Structure formats: structure tokens, C-alpha cells
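These protein sequences, in sequence, are chains A and B. Just so it is clear: in the first sequence, position 119 is 119 by our numbering, and no numbers are missing. So the mapping is simple: our numbering equals the position in the second sequence, first residue as 1, plus 337. Where is the CB? At the ideal position from N, CA and C, for every residue including glycine. Since the structure is predicted, the reported quantities are computational estimates derived from the model, not experimental observations. What follows is one structure encoded as C-alpha cells, with my remarks underneath.
Number of protein chains: 2
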Amino acid sequence: MSKVVPVTLVKDDTTRWDQNVTEALGPSARVLAAAVARRHYLAGESKVDIAGALGISRFKVARLLDLAHELGIVRIEIASDQIVDLQLSEEVREAWELHHCTVVLGHGADAVAREDLGRTAAELLCEVVTDKDVLGLPWARSVSDMIRSITAFPRIPIVQLSGSVVVPDETTSPVDIVGRIARIAGGEAHLFYAPLILDDATSATVMRRQPSVASALAAADRVTIAVAGIGAWAPGQSTVYDTIGPEDRAEAVSAGVVGEVMGIYYGADGAPVPTHLTDRMVTLTGDRLRAVPEVIGIARGRNKAQAVRGALRGGLLKSLVIDTEIAQSLLAGDWPR
Amino acid sequence: MSKVVPVTLVKDDTTRWDQNVTEALGPSARVLAAAVARRHYLAGESKVDIAGALGISRFKVARLLDLAHELGIVRIEIASDQIVDLQLSEEVREAWELHHCTVVLGHGADAVAREDLGRTAAELLCEVVTDKDVLGLPWARSVSDMIRSITAFPRIPIVQLSGSVVVPDETTSPVDIVGRIARIAGGEAHLFYAPLILDDATSATVMRRQPSVASALAAADRVTIAVAGIGAWAPGQSTVYDTIGPEDRAEAVSAGVVGEVMGIYYGADGAPVPTHLTDRMVTLTGDRLRAVPEVIGIARGRNKAQAVRGALRGGLLKSLVIDTEIAQSLLAGDWPR
DNA sequence: AACCCGTGTGCTCATTTGAGCGCACCCCGC
DNA sequence: GCGGGGTGCGCTCAAATGAGCACACGGGTT
């Protein structure tokens with residue numbers, strides 16, 4: 001309640017006798033500015049109240065606060081997250097008009113751990129999902145990484161969206177992975193045992209007519225949330241690429257394929273690429289995936305950047321869980337849309 | 338401009354499937370909260386604008402910001418000064434209803450350097466003084482420390498308020514000190530050569546009648562700003578105490594003297610203490626000092642805490658430049674007034 | 001002297017913001 | 001199925017706030 005003796009905040013440079021002052025402001029002004037800042041920002045008092053308590057005008061309080069900002073007496077910082085680069089995430093989200101984007105920070109010099117990416121994707125899924133949703137899942141390594149991190153889930157239908165690929169070094173079998181979350185969720189589950197890719201279109205057609213498969217693929221219409229891995233068309237960047245033969249790879253390359261999502265192929269501009277491969281897949285169509293209201297894509301590593309960009313351009317994904325390298329690539333150089 | 342998919346901020350603990358979530362909030366909410374906080378606090382956008390840009394209500398923006406505070410995503414801190422404890426200064430100022438208070442931080446374990454205290458006092462004086470003021474100065478070690486730090490000063494009258502004490506280890510002579518600032522200021526100066534304390538009351542009366550002395554003491558009425566050292570009534574804590582004989586010291590002690598300012602004696606409650614010493618001083622009266630609108634007291638060290646408190650209670654000082662020890666003592670235990 | 005410019009100050013008015021309210025929803029137990 | 005408690009949400013109205021303006025003062029120039 002004590003009144004303050006007026007203190008001129010900034011003296012004219014020519015008239016100040018403050019040549020001995022170390023900082024830009026005298027000690028009393030610093031004390032005053034700090035006191036005002038503390039009351040306003042830490043104690044939450046309104047500027048009017050502060051002005052009343054100190055016997056100065058509310059305008060002076062406001063100017064004092066501005067000054068305190070300029071001089072660095074008040075410092076406001078947005079805390080950095082341990083796991084997620086909050087700023088980069090938002091920049092990517094904004095730039096590509098995504099629903100959600102989560103950029104996972106890599107610890108140390110090396111890339112983001114699969115485990116971290118999977119856990120973060122799990123958190124995002126759990127955050128976004130409601131008990132009105134229908135979840136669609138393909139088979140993908142990154143998706144199984146995610147599912148491993150999920151311990152609780154709402155009781156909602158789970159729909160398998162694609163066949164599976166046998167990968168030697170994966171310990172758990174494909175359907176187990178999709179089945180795991182179905183068990184956790186406890187709702188109805190549309191699962192099937194089928195390979196993602198067959199040797200010819202005829203076999204694939206037959207396979208798609210299998211009741212379990214047909215029922216699951218039909219249920220894809222009802223899916224409201226899907227999670228997808230993103231495969232780049234290069235060795236080690238796509239389980240499909242690694243599975244098929246050299247000629248098939250080459251055909252896709254010459255057709256312009258840069259990546260696949262759930263076995264749906266697309267080019268650098270995101271447009272579907274017609275290929276003989278397409279008819280051999282047991283998966284939903286690109287249009288059906290595009291119609292899903294929320295599709296979360298998961299990807300990691302510089303080599304997948306172009307594939308992610310294509311998937312986004314093609315409208316296959318609505319959200320992303322990625323690492324810093326891909327995020328920076330998505331913001332760099334050629335701009336979206 | 339991209340729209341945001343609604344995200345429920347806090348789920349009911351019973352309904353959340355976030356047992357795998359490391360933090361209290363999902364990644365998307367963290368990204369959103371951080372983005373809002375960044376836009377509001379760093380970019381300075383209004384909540385209404387942010388709400389419009391993100392397609393959410395301004396209330397949600399506000400709640401999101403509250404949340405960001407609670408979770409520590411936004412952290413506001415008042416920067417600490419290198420020289421002055423801004424918070425402690427304000428607390429003392431407020432508690433004792435001072436015009437200004439500057440608590441100088443000691444570096445390392447030992448006490449605040451005389452030099453730091455003097456420099457800070459100089460800064461405060463230069464900040465507070467205007468070219469309409471009349472400056473009054475006594476002789477005191479701390480005052481001479483301050484004056485040494487002054488290199489520029491407005492062209493105002495300088496009035497010497499007390500006689501001087503010869504201290505062996507001070508290199509500069511008393512009047513030189515007061516004369517120095519008079520030279521820097523360049524205005525009219527009321528200086529005189531006289532001891533602060535004489536052997537008897539008669540000599541003191543004679544001395545006070547000397548034209549130069551009388552003129553200066555008369556000019557004390559016009560003084561608008563004075564700076565004073567504070568002496569505690571103990572060895573090494575007051576140049577007056579150290580100068581006089583044991584009987585005089587004892588008399589003052591038994592009369593209840595705890596300190597002196599400009600040779601004006603007072604007790605623990607700040608009331609003037611009548612003593613034979615008083616008549617022997619060449620200085621202004623306590624009432625005259627109390628009438629000066631701004632008196633800045635300088636003191637350092639735990640031993641002077643009680644003397645400072647007395648001087649404040651007695652209304653001799655309006656402002657303080659002190660160290661952390663005295664400041665804490667002023668806030669501790671027995672409360673002012 | 002008269003002038004002008006830069007600076008600090010407080011005012012007015014439009015915008016922004018906060019406190020409280022009611023509504024809709026959902027989970028739970030009867 | 002039907003209240004009850006809790007929660008998130010947006011509305012209303014009053015208070016707080018910001019942008020711009022006018023004024024006063026001081027120092028320097030014409």
C-alpha cells in the first residue's frame with residue numbers, strides 16, 4: 001500500500017548522469033519493474049490493482065511491463081518437451097494442414113528409437129480415439145511397435161485393413177499384433193489371415209473373396225480412425241519392397257512409385273500409380289483409405305521423407321508421427337500444395 | 338489457418354486409456370498447448386485471433402493457457418539481477434514503506450564489497466536526483482565510497498551537512514570527498530572545514546557560529562536529497578564511536594544509544610537519545626534531517642542491522658542501500674511499526 | 001524569444017479478457 | 001430407464017487492457 005516516489009523510467013541520453021550505471025536502468029527502476037512483473041505474472045494481480053497498490057497509473061504499469069520484457073527482466077519460455085518437439089510438430093501440422101502432428105525427438109546423435117516412435121504414436125492414438133470410433137489397422141512394423149505400447153483401449157470395433165507380410169526378424173506374428181489390441185479393446189474384431197501380396201491378380205481376387213477377408217474389407221467403410229506405416233520404395237524402407245522380386249520392384253520404379261501405405265502405391269505427387277502390383281494386393285483401395293476421417297501415419301528416417309510427402313500430397317494421411325529428420329524435410333525446400 | 342480437430346483436454350481419470358502416457362497430457366494436446374502459448378506469449382497474438390486461426394473458441398484458448406501454466410509448459414520467470422536482489426529490495430521497501438530500497442548482493446561467501454555498495458548507491462542517487470534538487474552530504478566512509486563512483490552529476494547546489502572525522506586509513510581527506518562531487522556538479526557548494534565532534538559543548542557552539550559552518554547548516558533547510566552513512570554503536574561500526582573516549586561511549590550506551598546518523602543519536606525505537614555528546618556535534622539537528630524529503634541511508638553488515646532499524650523507526654531515512662544481511666534482519670522477527 | 005522535436009504522461013474508446021452461469025453429455029448406481 | 005454428480009463447453013456481462021491521441025515539459029535551435 002506504500003506509495004512510490006515517481007521514477008523517470010528512461011532519461012534522455014543527453015541528460016542522464018548515469019554514465020556510471022552498469023545496466024540501462026537505475027537500481028530503483030529495476031526494483032520497481034521486477035516488483036511489477038512479479039505481481040502481474042507470478043501473483044496474477046491485474047495491472048489496475050498493481051497501479052492502485054503502488055500509486056501509479058495503470059498505463060505506467062503497462063509500460064513498465066513492456067520495458068521489463070525488452071530488458072529481459074521478465075522471461076517467458078515455452079518449456080521443451082522431453083519426447084516431442086512441440087514447436088516443430090506444430091509447424092509441420094500447420095504447413096501441411098494436418099489434424100495432428102507429433103515430431104519425436106531423437107536422443108543423442110542417432111535416430112529416434114523405434115520404441116519411442118511407437119510409444120508416442122500409441123499416446124496419440126489413445127488421446128484421439130473415442131469410444132464412438134472404429135479403429136482400422138493394417139500390418140506394418142511401425143504399427144506393431146505402436147500396439148506393443150498400448151495397455152488399455154476403449155471397447156470399440158477393430159478392423160484389419162490389410163494382409164500381412166512375413167518378416168523373418170519380427171518375433172511376433174502379424175495377426176497376433178492386430179489381435180493383441182483387439183483383445184485389449186474387447187470389442188468386435190474383423191481379423192483375417194492372408195498375405196498382403198500374392199503372386200498374381202487372380203489369387204488375390206480369390207483371397208479377397210474369402211469371407212473373413214471380405215467382411216473385414218467391407219467393414220473398412222465404417223472405420224473412423226486408422227494407423228498406417230509408410231513405406232518408401234527402397235531397400236529396407238518397405239516390407240512390400242523387400243518381399244517382392246526385382247522385376248516387380250523395377251516395374252514400380254519405372255511407373256513412378258515412391259512409396260506405399262498399406263500396400264497402396266503412389267508417386268511423388270501423391271497420385272495413385274497404376275501397377276500390376278496393385279491387383280495382387282489384399283488391402284483396401286486408396287479411395288477408401290482417403291475416405292477414413294483420421295489416418296495417422298508413422299515414419300522414421302531421412303529415407304522415408306519423400307514417401308511421407310507423397311502420402312500427404314495424395315491425401316492418404318491426416319496426421320503424422322515422425323522424427324525430426326522427416327519433419328525438417330517436410331518444411332524444407334519445395335513447399336506443400 | 339488450418340482447423341484443428343477437437344481434442345479433449347483432460348479426460349476423466351476413470352475413462353482415460355492413457356495408462357501408457359508418460360505425461361499427464363497426450364502429445365497432441367501438448368503440441369496444441371505449446372502452440373497456443375507460443376503464439377500468445379511469444380508472438381503476442383490475442384486469444385481471439387488464436388482462437389480464430391485454430392478454429393476453437395477463445396475460452397478454450399484461455400483454458401489451454403491456464404493448463405499450460407499448470408503443467409509447466411509456459412514458465413515465466415523474473416530474471417535475477419547481477420548486482421541487486423530485486424525481490425528482497427522490494428520486500429524491504431514495502432515492509433518499511435521506503436521510497437527506494439536497494440539490496441546489494443554479495444558475491445561468494447563474504448560480505449558485500451564496499452565498492453559494490455558505493456557504486457550502487459551512486460547509481461540510485463543519480464537515478465533519483467533531478468536538476469531541481471539540492472543535495473546534502475555529511476561525512477561518512479560509505480558516502481565517500483559512493484562519491485568515488487560518481488563521474489557525472491547535474492549542476493545543483495551541494496550542502497555539507499556535518500563536520501568530518503579524521504580516519505587514519507582513509508587516503509582522501511574528508512572535505513576533498515564532499516568537494517569532489519561539488520566540482521563535478523559545478524553548482525554552488527556550501528562546504529566547511531570543521532570536526533564532527535569537539536571536546537565540549539562550548540567549542541561546538543563556537544564552531545557552529547563560524548560563517549562557513551553556519552551558512553551550510555542554514556542551507557540544510559533547502560536540501561531535498563541527502564545521503565547518509567549509518568553508524569552502529571559498537572567498535573568499528575561508527576567513526577564517531579571509534580573517535581571518542583571510553584567514558585563518552587559508555588555514557589551513550591547507558592543512555593540507550595544504538596546508532597548515529599550524521600552524528601545524530603537515537604535508541605532502538607528510533608527516538609532521539611539526549612546525551613552530552615549531542616551538544617558537542619557539528620551537524621544538523623535530527624528534526625532538520627527528518628524534514629529532508631529524501632534521505633538515502635547506506636549500511637553494510639549484520640552488526641549494523643539494529644542501528645538501521647532504529648534509524649528507520651526514527652524516520653531519519655527515507656531510502657536504503659544495504660546488503661542482504663541487513664535486509665533479512667529488517668524482515669525477520671520483530672516487525673516494523 | 002519563439003519555435004520544434006523528443007519524451008513521458010494520462011485520457012478515451014474499442015477490443016480483449018475473466019468470472020460466473022447454464023447447458024449438454026456421460027458415467028454410475030438405483 | 002432414470003436421477004445425481006462431475007466435466008467440458010460456450011455464452012453473457014462487466015472488468016481489464018491496448019492503441020492512439022493530446023498535452024506538458026525540457027533542451028536545443030533559429
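Asked: Touching by the beta-carbon criterion (3+ pairs, under 8 Å), the stretch 60-80 of chain A and the stretch 403-412 of chain B; Found: yes
Asked: N- and C-terminal bounds of the beta strand (DSSP E) containing A:Ile76; Found: 74-78
Asked: Residues of the stretch 124-142 of chain A with Cβ closer than 7 Å to any Cβ of chain B, in chain order; Found: Leu124, Cys126, Glu127, Val128
Asked: Limits of the beta strand (DSSP E) - the one that A:Ser319 falls within; Found: 319-323
Asked: Under the three-state DSSP convention, the category A:Tyr390 falls into; Found: Given a span of 1 to 337 for chain A in the structure shown, any question on residue 390 of chain A remains unanswerable.
Asked: C-beta contact flag for A:Ala299 and A:Ile230 at 8 Å; Found: yes
Asked: Delimiting residues of the alpha helix (DSSP H) encompassing A:Gln306; Found: 305-313
Asked: Cβ-Cβ separation, A:Leu88 to A:Thr239 (assumed contact under 8 Å), whole Å; Found: The pair is not a contact, with the Cβ atoms about 28 Å apart (cut-off 8 Å).
Asked: Secondary structure of B:Gln424, DSSP reduced to three states; Found: helix
Asked: A:Ala33 vs A:Leu54 beta-carbon contact at 8 Å; Found: no
Asked: Option in B:Ile601, B:Val496, B:Gly604, B:Ile581 with minimal Cα separation from B:Val560; Found: B:Val496
Asked: Chain-ordered residues of the stretch 549-572 of chain B with a beta carbon less than 9 Å from chain A; Found: none
Asked: Cβ-based neighbour list, B:Asp585, same chain, cut-off 7 Å, excluding 5 preceding and 5 following; Found: Leu614
Asked: Cα-Cα separation between B:Asp513 and B:Leu621, rounded to whole angstroms; Found: 20 Å
Asked: Reduced DSSP secondary structure (H/G/I, E/B, other) of A:Ala43; Found: coil
Asked: Exposed unless 16 or more other CB atoms sit within 10 angstroms - verdict on B:Gly676; Found: This structure gives no information on residue 676 of chain B, because the portion of chain B shown stretches from 338 to 674.
Asked: Rounded Cβ spacing between A:Gly26 and B:Leu461 (contact assumed at less than 8 Å); Found: 6 Å
Asked: Test item: CB-CB of B:Met544 and B:Val619 under 8 Å; Found: yes
Asked: Residues that B:Gln547 contacts on chain A, provided the C-beta gap is smaller than 9 Å; Found: By Cβ distance, chain A contributes nothing, its closest Cβ being about 32 Å from B:Gln547, past 9 Å.
Asked: C-alpha distance - B:Val515 paired with B:Ser591, whole-angstrom precision; Found: 33 Å
Asked: Among A:Gly118, A:Thr130, A:Leu135, A:Gly163, the one whose alpha carbon lies nearest that of A:Val292; Found: A:Leu135
Asked: Any chain A beta carbon closer than 8 Å to B:Asp418; Found: yes
Asked: Neighbourhood of A:Arg39 by C-beta distance below 7 Å, restricted to the same chain and skipping five residues each side; Found: Glu45, Ile50
Asked: 8 Å Cβ cutoff, B:Pro494 in contact with chain A; Found: no
Asked: Minimum C-alpha distance to A:Ile83 - residue among A:Glu97, A:Ala113, A:Gly236; Found: A:Ala113
Asked: Extent of the continuous beta strand (DSSP E) to which B:Glu631 belongs; Found: 631-635
Asked: Residue-chain proximity (B:Thr457, chain A), Cβ-Cβ < 8 Å; Found: yes
Asked: Proximity of A:Ala35 and B:Glu427 at Cβ, strictly below 8 Å; Found: yes
Asked: Secondary structure of A:Thr275, DSSP reduced to three states; Found: coil
Asked: Separation of B:Val465 from A:Thr22, as counted between CA atoms; Found: Only weak support exists for where A:Thr22 lies, its pLDDT of 41 falling under 50; the value from the coordinates is given anyway. Using only the alpha carbons, I get a separation of about 16 Å.
Asked: Interface flag, A:Ile56 vs chain B, CB-CB below 8 Å; Found: no
Asked: Beta-carbon spacing of B:Ser283, B:Gly500 below 8 Å; Found: Any question about residue 283 of chain B goes unanswered here, given that chain B covers just 338 to 674.
Asked: B:Ile410 at chain A interface by Cβ criterion, 8 Å; Found: yes
Asked: Identity of the residues DSSP links to A:Cys101 by a beta bridge; Found: A:Leu320
Asked: Test: B:Leu379 CB closer than 8 Å to a CB of chain A; Found: yes
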